[in-house]
Amino acid sequence: MKTIAVAWLVHIALLSAAVSVGGATRPKFRPAASNGAGDSRYVVTLAEDEAVGDPNALRQELALIYGAKPEVNASSDARQFAVIMTSARARLLSADSRVSEVVEVPLTPPAPTTPSSSAHLRSRPSGYGDIGQSGTYTYDGAGNITAIGADTFVYDSVQRLVSSVTRGVQENYTYDAYGNRTSATGAVNCLGQTNCAQTVTVDSNTNHLITINGAAVTYDAAGNIKMIAATSSSPGAVYLYDGMGMMTEATVGSDVRQFIYTANDERIAIKQGVSWTWTLRDQSGKVLREFTSLESGSGPNLAMTNWQWAKDYVWHDGLLLATVTPSGTLHYHLDHLGTPRLITDANGVKVAEHAYYPFGAEINLTPHENPEEAMKFTGHERDIVAGDGHTLDYMHARYDNASLGRFQSVDPALDLKKVIATPQAWNRYTYVRNNPLRFTDPTGRYTCSGSEQECKSIEGGLVVLRAAAAEATRANQPGAAVLNQVVDFYGKAGDKNGVAVAVGNLGAGQAMTTGTSGIGPFKTTTVTVDKNFLASKSDSFVRLANGFAHEGDHGIHQRASGMASTRSDIKFLEVSAYRTQGYIYSALKIDDHDFGIWTTTNGWDPAAINAAAEASTQSVCGTGNCPP
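Numbering of the sequence shown is given in the working numbering, commencing with residue -7 and proceeding in unit increments.
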C-alpha cells in the first residue's frame, strides 16, 4: 500500500539543468550574490509548452511544492513570475522539468502576495439532507470507520467490512478464505437495478467468478472478464480488451461503447453509436474538459462533425469542486472519500443528492441532476449502463464493478513476493482489501489509507523528502546517503514493497508511528500518520517530510533488526531518527523551528537532538515500562 499519485509530482532532472540559447547553453539556475543566505527574489520562467494551459494554476502549484512566496505577477510574459524563496529551494525549482530557468534578482520590499485559491472557504452544508446527515465519524483501534452519524459499520478480524447499516438499510457481506466477496445481502433500491444484492460463486484456484446471481461468467487468458451471460432479469455483457489489458469495448444488451486511451492508459474518448465524448485530462488523470462530436462516413471517409464544448471541471487539491456547462455551474460537496454527495447550483439551491452503499452501489434518491454527473464513487467516472450489475467505474488502470465490490481485471502492479505476509493483499481482484470506507484506489493499481486530500498531503511530504535527498546528493552533504536510503524505503507510488502509509487516530501528542510485523524478507511496515496532525500540516510539506524521514529511519532499522524494546536501544534509534529528519532542514537550508536540530545560523545542535530523543524515549518508556 502506498500513497496516491498526484498531478504535481516533481520530476527532478538534475543532470539536464541547463537551457539552450542560440546554440549555447546556460544554467537553468542563475543565482546572484546571496550565496544561499536567507530569502531572495527569483524570476521563474516556465517551459514553453507549460504556458499553453493555465499558467496561474501552475505558478501556484510550483510555489506550494517548493515553499515559495509568489508575488503579484507584473510581467507581460505569461511564462514569467516572481517569487521569494531560499537559494536551496530555488535550485530545486530550477530542476523541475516544467521550468525553463530561475534567475535571482535584487530583493526589495515585496509587493502584496497573490492570494491562493479560496475555493474551500465556500460555505458548505454540514450534511446531506435530513436522512443522510453526515454526523460524527467514529473509529475503532485499528483506524476503521465504525460510524458516520447514524450509519454503522462492522469489520472482521482481518479488517474486512462484514456488515453495514446505510440510511437504515442493513447489508451483510461474506468472503471466502482468499478475500473474494461471495455475497452482499440486504441492499435495496439501488439506482438502475431491480436487484442490487449479489451472490457469486468463485474458482478458488484463480479467484475468477464462476457465476453472478446464477449468470455464468467467463474470462480471457489474461484474467479479464470477457462475458457475463444474460438472465431473465438482466441483459448479458461482453467485454473486449487490448494487448495491455485495457477495455476497448463493452456491450450490455443493445448498449455498445468503445473506448480510446493514451499511451499512459488514460481514457480520452467514448464512442456510442455515432456519438463521441472526448476528455482532456491533467497529469493525474483528472478530467478538465469534455467535448462531443458526431461521426459521419466510414473507412477513409470517416470524419468528425458538430464539435461541441460540453463541460469544464474545476478541481482543488484533487477534489471536484464544480462543473461548468452551457446551462450553468454546479457545485459538489464531497465525503471523506471524495465522493460527491450533494450538488447545488450557483445560488446554493440543492439540485441533487447522492447516497451509496459502502462498496459504491448507488442508492436511488431524488432529485437527480440532469444530465447525471459521471463523477461518482471516490470521484471516479462511472459508465452508467442500464441493466443489473453492469455499471462500471473507470479507475484508470482497470474498471471496478461497485455492485460486485471487485475489479473486472487483475491488479497490474501487484508483486506477490512483497506482500506475502499480508494475505488480504494476495487477491488481485478485490477492491481495497474489502475495506471501502477506509481505503481508496486512485489509479486501479494500489490502495491509499485516507481521503484523497489526506493522500495528496502525504504524497506532498514524500515529494519534499525526495527533493531534499536530491539536493543533499547534489551538494555532497553528509546526510545524502541516509536520505536516499529513506527514499528507497518508501519507494514510489504503486510499489508493492511491504511498506504502507496509513492515516489513523493516534491520540494526543502523537504525530506519526511506525510498526513492523512478519518474518524474514516478508515483513510489512506501516507508517501511520495522525489525522489531526496531517490536517494541521497539510500546507506544510517540509514538516511532513521531516516526519517521514524520522519514521523512515525507524522503519529501516525495524526491518533490519526488529522492534527495539530496551530503553537504551530506543534512545539510540530516536537519536538516529532525529538526526535523519535534521538532514531535511540542512539540505533545504531551512530553520528547524520545532526542535532546533539544525538552523541556518548555528548549524547542527547535538544537545537539541539528544533532548528530542530523550523526550520521545520517555513518552514510550515512562518511568519503568522498558528494561534498561
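No residue lacks a Cβ here, since even glycine has one placed at the ideal position from N, Cα and C.
Measuring C-alpha to C-alpha distances from F283 to each of G291, I262, L84 and A417 identifies I262 as the nearest. Partner residues in a beta bridge of W299, as assigned by DSSP, do not exist. Rounded to the nearest angstrom, the gap between the Cα atoms of D392 and I204 is 15 angstroms.
The secondary-structure analysis by DSSP pairs Q162 across a beta bridge with V157. Bounds of the beta strand (DSSP E) holding P332 are P332 to D337.
Setting aside the 5 residues that flank it on each side, I589 is surrounded in the same chain by Y570, R571, Q573, G574, Y577, W596, D597, A600, I601 and A604, each with a C-beta closer than 8 angstroms to its C-beta; the list follows chain order.
When the five nearest sequence neighbours on each side are left out, the beta carbons in the same chain lying within less than 8 angstroms of the beta carbon of Q300 are those of F283, T284 and S285, in order along the chain. Between T591 and R551, the C-beta gap is not smaller than 8 angstroms, which leaves the two residues out of contact.
S175 sits in a strand when the DSSP states are folded into three classes. Counting C-beta atoms within 10 angstroms of its own C-beta, V491 has 16 or more neighbours from the protein chains shown and is therefore classed as buried. Secondary structure of Y34 (DSSP, three-state): strand. A distance of 8 angstroms or more separates the beta carbons of V157 and D148. T465 and A82 have their C-alpha atoms roughly 16 angstroms apart.
Contact between the stretch 222 to 235 and the stretch 346 to 362 is absent, with fewer than three C-beta pairs closer than 8 angstroms.
Here M236 is exposed: its Cβ has fewer than 16 other Cβ atoms, across all protein chains shown, within 10 Å. A Cβ-Cβ distance of about 7 angstroms is found for the pair L322 and E361, placing them in contact under the 8 angstroms criterion. With a beta-carbon spacing of about 6 angstroms, I562 and V612 fall inside the 8 angstroms limit used to define contacts. With 16 or more neighbouring CB atoms inside 10 Å of its own CB, G539 falls in the buried class. The DSSP-derived three-state label of T518 is strand. In this structure, L536 sits near S449, with a CB-CB distance shorter than 8 angstroms.
Here the C-alpha atom of H549 lies approximately 40 angstroms from the C-alpha atom of L312. In the DSSP assignment, T609 falls within the unbroken alpha helix (DSSP H) covering P598 to C613.
For I260, the secondary structure class from DSSP, reduced to helix, strand or coil, is strand. Following the DSSP letters along the chain, one finds N393 inside the beta strand (DSSP E) bounded by residues Y391 to N393.
Listed in chain order, the non-local C-beta contacts of V377 below 6 angstroms within the same chain comprise V244, D247 and T383, local neighbours out to five positions each way being set aside. Around D304, the same chain offers R281 and V316 as residues with beta carbons nearer than 6 angstroms, after the five sequence neighbours per side are excluded. The alpha-carbon of A295 is positioned some 15 angstroms away from that of T269. It is roughly 39 angstroms from the alpha-carbon of F431 to the alpha-carbon of N468.
Comparing C-alpha distances from A366 to each of S560, S401, A347 and Y386 shows the shortest one belongs to Y386. The C-beta distance from N427 to N136 rounds to 7 angstroms, short enough to meet the 8 angstroms contact threshold. Taking T271 as reference, the option from A87, V150, G289 and F251 with the minimal CA-CA separation is F251.
With a cutoff of 8 angstroms on beta-carbon distance, K368 and T331 are scored as near each other. Secondary structure at L396: coil, using DSSP grouped into helix, strand and coil.
Per DSSP, the beta-bridge partners of F73 are V36. Rounded to whole angstroms, the separation of the alpha carbons of V567 and T558 is 14 angstroms. Scanning the stretch 558 to 586 for uninterrupted alpha helix (DSSP H) segments of 4 residues or longer gives 559 to 580, listed from N- to C-terminal end.
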